[in-house]
Amino acid sequence: MRLFPRLLLWLFASLLSLGLVGLIAAAVAYAILSPGLPSVDTLRDVRLQVPLRVVTREGALIAEYGEQRRIPLEADALPPQLVQAFLAAEDDRFFDHPGVDYQGIARAVRHLLLTGEKGPGGSTITMQLARNFFLTRDQTFHRKAQEILLALQIERALSKQEILELYLNKIYLGQRAYGVGAAAQIYYGKGVDELDLAQIAMIAGLPKAPSAYNPIANPRRAEIRRAYVLDRMLAEGYITAEQYAEAVDAPLTAQVHASSVEVSAPYVAEMVRQTMVAQYGEDEAYSGGYVVRTTIDGRMQRAADQALRDGLRAYDHRRGYRGPEAQVALTGDEVSEDWEELLADYPRFGGLEAALVLAVDDDAQRARVWVRRHGEMELPFEAMAWARPYLRRTARGPAPEKVSDVLSVGDIIRVDRAAEVPQLAAVPAVEGALVAMDPENGALLALSGGFDYFRSSFNRAVQSRRQPGSAFKPFIYSAALAKGYSPASMLSDTPIVMHDESLETSWRPSNYSGRVYGPTRLREALVHSRNLASIRLLRNLGIEDTLEYLDALGFDTRRMPRGLSLALGSAEMTPLDLTAGYALFANGGFRVMPHFIDRVESAEGEVLFQARPPVACVECSHLQVQTDLQEETGGVNLRPVAESVMPATDAFLITNILQDVIQRGTGRAAARLGRSDLAGKTGTTNDGRDAWFVGYNSRIVAGVWVGFDNNDQLGPRETGGFTALPIWADFMEQALNGVPEAPPRQPEGLVTVRIDPEDGRRVRAGEGRSMFELFREDNLPDVTPRGGGGGAGSREQDIF
13 MRLFPRLLLW LFASLLSLGL VGLIAAAVAY AILSPGLPSV DTLRDVRLQV PLRVVTREGA
73 LIAEYGEQRR IPLEADALPP QLVQAFLAAE DDRFFDHPGV DYQGIARAVR HLLLTGEKGP
133 GGSTITMQLA RNFFLTRDQT FHRKAQEILL ALQIERALSK QEILELYLNK IYLGQRAYGV
193 GAAAQIYYGK GVDELDLAQI AMIAGLPKAP SAYNPIANPR RAEIRRAYVL DRMLAEGYIT
253 AEQYAEAVDA PLTAQVHASS VEVSAPYVAE MVRQTMVAQY GEDEAYSGGY VVRTTIDGRM
313 QRAADQALRD GLRAYDHRRG YRGPEAQVAL TGDEVSEDWE ELLADYPRFG GLEAALVLAV
373 DDDAQRARVW VRRHGEMELP FEAMAWARPY LRRTARGPAP EKVSDVLSVG DIIRVDRAAE
433 VPQLAAVPAV EGALVAMDPE NGALLALSGG FDYFRSSFNR AVQSRRQPGS AFKPFIYSAA
493 LAKGYSPASM LSDTPIVMHD ESLETSWRPS NYSGRVYGPT RLREALVHSR NLASIRLLRN
553 LGIEDTLEYL DALGFDTRRM PRGLSLALGS AEMTPLDLTA GYALFANGGF RVMPHFIDRV
613 ESAEGEVLFQ ARPPVACVEC SHLQVQTDLQ EETGGVNLRP VAESVMPATD AFLITNILQD
673 VIQRGTGRAA ARLGRSDLAG KTGTTNDGRD AWFVGYNSRI VAGVWVGFDN NDQLGPRETG
733 GFTALPIWAD FMEQALNGVP EAPPRQPEGL VTVRIDPEDG RRVRAGEGRS MFELFREDNL
793 PDVTPRGGGG GAGSREQDIF
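Numbering follows my numbering, in which position 146 of the sequence shown is assigned residue number 158; successive positions increment by one, without gaps.
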C-alpha cells in the first residue's frame, strides 16, 4: 500500500515541477518578447488611416486621395446584427475570454499534433487587432507568441466595446476597404445601417481571406463563405431559421462603388492635393483623415465645366471634322467582347464616349456603332451633317451628303449621348480655361483648367501664361484716370510707326478693323478697343510710371515688357491673374487675394485652418487690420479689410465704361443675358492666338481664355467676342440664375456733366448737340469755345 502514496507524491512533485518549469519558461518568454512589444497605450490615441477628402463649400465631395479607403464609425453606429455576424464568424467567445481563447488554442494544438500542420481555431478578435495594428502577418511561432502577449495587454487596457470598435474600423476587407464602413460603401454603395442580412454576412466573411472570398473577384467562393457565416449566426441564435433561409438564397448584389464624387472639379482637387502635401507631407496628407472645404460653389462649378466644354466643341465644329481618332480592321467575326477590347484604350473625355463604327448604310442614311460600355446604337445622317472635313486652319471641305462621306467601318469615333438625338462628336484640339471668383474676398467659386483633366492635367487657369490682348486695356485706362484723365479726355487714333525695344523691330500697329478714327474720347477708345489710341495713351502716361501703377494693383510687373506693346496686352499672365485684376473694378478698388481653401478639418472635425481673407469694404476702408476692426466694434472678430489700391471713383468709372462695352461695344453678345449690372472686356491678340473675355458684376467676376497649347492661331474671325464671350455668357447665365441685379453703387465724388460728344468739352443746356458724361468732381472739363484747348475734357497734349 505504500507504493500508491509514493506514486501520488511523485506525480504531484512532477506536476509541480512541470508547472514551475512552465512558469519559468513563460517568465523567460515574457522577458525576451515583451521588450519588442509596442505600448498598448498608443491604441487609445491611435488615428486610423483615413483618406484626404476635398469638398465644395456646401460639403459635396470633389475628390478623395489615399490608398486606404476608410469610413471610421463610433461604437453606437455599428448595427447589432453586424457585430453579431463578426462574432459568429471570427470569435464566438469574445465576451468570455481574456483576449486569448485557451479552448481555441487547445483545438489548434490538437490539430498540429494530429496533422503536423498549423490549423485554425487559435486567433481571437483581440489577437487579430494586435496583429493588424502592431505585428506582421508572418506565420511563425515567435510572432504568434508576441500576438498572444499583446492581446492580453490590450484586454487589460481597453474595454470589450473599445476593442470591437477598433477592430471593425481597422480590419482589411478587400478592394482597398479598411473597416466595415468603407466595405459597405465600396461593395454595396450603402451605409452600414442600410445593409440587409445577406450583405452583412458577406462582409463578415471577408476577414479570413479578403482576396479569396471577395464577391467581386470570386463570387462563388464568396457565396460559400456567406453561407458559413449565416450557419454560425443561426447556431449562435442570432437569427431565426426564416431569416437564414431568406439570406442564404439571396442573390449576390456586390459591385464596386467608387467614392461618389458629387461635384467634378479635378483641377481644383489637384490644387488642393499639392497644397496639402506641401503642408503636411505625402504620407500624412493622404492618411490623416483631413477634410478640406474649398471655396468652390458646386452649382457654379458644374456651369463652368459645361460652358467651357460647349464653347470648345462649338469652335471645333466651326473649323471642321478632323476625322476618326483611329481606324481598325474588322473581319466581321467579332463579338461585343472584342469591340469592348478595341475601345479599352479610349476613355470618356468631356462627356464624349468612344464608339466603333460597325456598319455604314448610305441607302438608309445611318451608321451602326458600338459605344464603349453602352452597347450598340444607330447614328442617323443628321447626327453628322455638321462634319465638313477639316482641311487647314482657314478652310473646310464641302458639306457631307451621305454617311460614307464621314464614316467608314472600323472608325473609332466619339459620340455625344447627352444630346436629345445622339450626335457624332470629337474631342477638340483647342483648349481653354474659366475662372470665377468672389470680388469681395477673392474666393474662387469655380475653376476649369481645360476640356478634360483626365485627357490633360495641365491647369491652364493657373499655369498657362498667355497674352491677354485688349482685355488688359482697362488697366492702362485706369492708370490714365489716376493721372487726371477723364472718360471725356480726347485721344488720337491715328497711324503710328515706331521702334519698340521690347520687340526689337519697327512696329506698325493698327486697329482690328483696319480703320483709323482720329480724335476719340477715352470712353469710346476703350468701348471699341481702339489700338492706336491706346498706344498713344500709354506713351503719354510713360511706361515706367504705368508699370509702377500696375505693380501697386498687384500685377507681377517683372514679367511685363518695357515697351508700348503693353498697351495692347503683350504682358503674359494666367487667366487667374487677369480675373483677379478685374476684381478691383468690381469691388471698388480693393486688392483681394485669390484663394480656394476655406478651411481644413482633422479627422475628428477639429478646425486646423480657417481662411480669413481680407475683404473689400468701401464703408470701412479706413480700418486696415482686424485689430482696428475689433476696437471699432467692441471686440467683434471681423475679418481684415483689403488694401485699397484704386480710388473707388476710378473703379466705378472703368466699370461704367465696361458696361458700355457690353451694351454697344465689342462685348455686345453678352447683352442677351438681359442684365444691366454686367461689365466686361474682350481680348484678342494681334496674331489671333488667344481669345479672352473677362466680365463681372458686384457679386461674381469671371474670366475665359481660349487657345491652343502649342500657341497655334485660332483662325479667321475667332475673336474674344466671338470665341470666348459666349462661354462666359453661358456660365454667367447659370451662375446668376435667380440672383437679383446688383448695379454698382456710385461712390461720392462723381458728378454727371453735359459735354459735346465731338471734343469732350463741357457745354450748357441747349448748346447744340450734347450728351452726359461722368467725372470726378475735382476733374471737370472747362467750358471753352469750340476748338479751344486745355481742361480735363479736351487735353490738347493727348492729340498728336
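The beta carbon of each residue, even a glycine, is placed where N, CA and C say it ideally should be.
> Quick one: what does DSSP say glutamine 151 is sitting in, helix, strand or coil?
Replying inline: Confidence is the limiting factor: at glutamine 151 the pLDDT is only 49, short of 50, which leaves the residue's position unreliable and the question unanswerable from this model.
> Taking asparagine 471 as the reference, which of Gly444, Gly335 and Leu370 has the closest Cα?
Replying inline: Gly444
> In the DSSP assignment, what residue or residues form a beta bridge with proline 531?
Replying inline: Ser504
>> So glycine 461 and alanine 473 are supposed to be a Cβ contact under 8 Å. How far apart are they, rounded?
In response: 4 Å
>> So the candidates are Gln671, Leu180, Pro738 and Asp689; which of them puts its Cα closest to the Cα of leucine 141?
In response: Leu180
>> Going by DSSP, what residue range makes up the alpha helix (DSSP H) through methionine 214?
In response: For methionine 214, the enclosing alpha helix (DSSP H) starts and ends at 209–216.
> For the candidate residues Leu246, Asp103 and Ile215, whose alpha-carbon lies nearest to that of tyrosine 184?
Replying inline: Ile215
>> Quick check on the burial criterion: 16 or more other C-beta atoms within 10 angstroms. Buried or exposed for histidine 386?
In response: exposed
> If you draw a straight line from the alpha carbon of arginine 321 to that of asparagine 453, how long is it in whole angstroms?
Replying inline: 28 Å
> Sorted by chain position, which residues of the same chain lie with C-beta nearer than 7 Å to leucine 786's C-beta, five sequence neighbours on each side aside?
Replying inline: Pro499, Leu665, Asn668, Leu762 and Thr764
>> Assess contact between the region 340–349 and the region 306–314, defined as three or more Cβ pairs (one per stretch) separated by less than 8 Å. Is contact present?
In response: Short answer: they don't touch.
> Mind checking if aspartate 423 is an interface residue toward chain B, Cβ cutoff 7 Å exclusive?
Replying inline: No chain B appears in the structure shown, which is made up of a single protein chain.
> With respect to the alpha helix (DSSP H) encompassing glutamine 267, which residues constitute its N-terminal and C-terminal limits?
Replying inline: It is not in any alpha helix (DSSP H) - glutamine 267 carries neither H nor E in the DSSP assignment.
>> Can you check which of these residues, Ala213, Val653, Lys202 and Ala196, is closest to glutamate 102 by C-alpha distance?
In response: Ala213
> If you compare alpha carbons, which of Arg429, Leu368, Leu690 and Thr731 is closest to serine 482?
Replying inline: Thr731
>> Which of the three DSSP states is assigned to arginine 414 in this structure?
In response: Per the sequence presented here, residue 414 reads as lysine, with arginine not at that position. Correct three-state label for lysine 414: coil.
>> Assuming contact is defined by CB atoms lying nearer than 7 Å, are alanine 492 and leucine 578 in contact in what I supplied?
In response: no
> Which first and last residues belong to the alpha helix (DSSP H) in which glutamate 465 is found?
Replying inline: For the sequence presented, residue 465 should be read as tyrosine rather than glutamate. Per DSSP, tyrosine 465 belongs to no alpha helix (DSSP H) and is neither H nor E.
> Span of the alpha helix (DSSP H) holding arginine 311?
Replying inline: 310–331
> What's the gap between the Cα of leucine 553 and the Cα of alanine 411?
Replying inline: Distance between the alpha carbons of leucine 553 and alanine 411 is about 52 Å.
> Given a threshold of 16 other Cβ atoms within 10 Å of its Cβ, counted over all protein chains shown, does glutamate 159 qualify as buried or as exposed?
Replying inline: buried
> Among the residues of its own chain, which have a CB less than 8 Å from the CB of leucine 690, if the five just before and after it don't count?
Replying inline: Gln671, Ile674, Ala682, Gly707, Tyr708, Asn709 and Met744
>> Just to confirm before moving on: does the CB-CB distance between valine 289 and alanine 297 stay below 7 Å?
In response: yes
>> Check this for me: beta carbons of proline 359 and isoleucine 424, under 7 Å apart or not?
In response: No, the pair does not count as a contact, with Cβ atoms beyond the cut-off.
>> What does the alpha-carbon distance come out to for the pair methionine 623 and leucine 685?
In response: Residue identity differs from the one stated: residue 623 is alanine in this sequence, not methionine. Between alanine 623 and leucine 685, the alpha-carbon positions lie close to 34 Å from each other.
>> Using CA atoms only, rank isn't needed, just tell me which of Arg82, Leu64 and Leu164 is closest to phenylalanine 106.
In response: Closest by alpha carbon: Leu164.
> Would you say the region 412–423 touches the region 392–403, given that touching needs at least three Cβ pairs under 8 Å?
Replying inline: yes
>> Counting C-beta neighbours from all protein chains within 10 Å, is the total for aspartate 317 16 or more, i.e. buried, or is it exposed?
In response: Burial check for aspartate 317: the Cβ neighbour count within 10 Å reaches 16 or more, so the residue is buried.
> Taking the beta strand (DSSP E) that tyrosine 402 falls in, what are its first and last residues?
Replying inline: 402–404
> For the candidate residues Gln479, Trp351, Ser416 and Arg405, whose alpha-carbon lies nearest to that of aspartate 375?
Replying inline: Ser416
> Taking Cβ positions, are glutamate 457 and aspartate 450 nearer each other than 7 Å?
Replying inline: The sequence as given places leucine at residue 457; glutamate does not occur at that position. Yes. Within cutoff.
>> Within 10 Å of its beta-carbon, does valine 62 have 16 or more other beta-carbons around it, so buried, or fewer, so exposed?
In response: buried
>> So, for alanine 224: in the same chain, excluding its five sequence neighbours on each side, which residues have a beta-carbon less than 7 Å away from its beta-carbon?
In response: Asn230 and Arg233
> What's the C-alpha gap between alanine 754 and tyrosine 489?
Replying inline: 24 Å
>> My output table needs one value for valine 653: the three-state DSSP class, helix, strand or coil.
In response: Residue state, collapsed to three classes: strand.
>> My assumption, with CB atoms under 8 Å, is that isoleucine 4 sits in contact with arginine 773. Please give the rounded CB distance.
In response: Summary: the structure shown does not reach residue 4, with the chain confined to residues 13 through 812, and so no result is reported for it.
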